[in-house]
Amino acid sequence: MSDDKLKKLRIYKFAAEYNLSTDSLVEFLKSKNYNVKSHASLLTDEMIDDIRVHFKKDIEKSEHHYRKITEFQ
2 MSDDKLKKLR
12 IYKFAAEYNL
22 STDSLVEFLK
32 SKNYNVKSHA
42 SLLTDEMIDD
52 IRVHFKKDIE
62 KSEHHYRKIT
72 EFQ
């Protein structure tokens, strides 16, 4: 497999990683006029940047939660 295949990230994987709703991500990306068909669509770097800006608080909350879990273990 090429490196490009390994770097591809699907919406549902990104959503699961940061405990976000796939539906809200799809709706947000469609509102930004990205060509997104479903939760299995591939994310581009530009899409990820826009998601990180828009969902910044939710992502930070999720990262904080995972850090606490790691510290606890």
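Sequence positions in the sequence shown follow the numbering used here and run 2 to 74.
Virtual Cβ for every residue (Gly too), placed ideally from N, Cα, C.
Of the listed residues the options, nearest to residue i (C-alpha basis)
i: Y67; options: Y13, I12, K14, Y19; result: Y19
i: M48; options: F29, S39, K62; result: F29
i: S39; options: L26, H65, A17, R53; result: L26
i: I12; options: K62, H65, Q74, L43; result: L43
Test item: CB-CB of residue i and residue j under 7 angstroms
i: L123; j: D59; result: Summary: the structure shown does not reach residue 123, with the chain confined to residues 2 through 74, and so no result is reported for it.
Supposed contact pair residue j and residue i - C-beta distance, whole angstroms, cut 8 angstroms
i: K62; j: D51; result: About 19 angstroms; that fails the 8 angstroms criterion.
Quick check on the DSSP output: what are the complete alpha helix (DSSP H) runs of length 4 or more inside the stretch 7-42, in order along the chain? 12-18, 23-32
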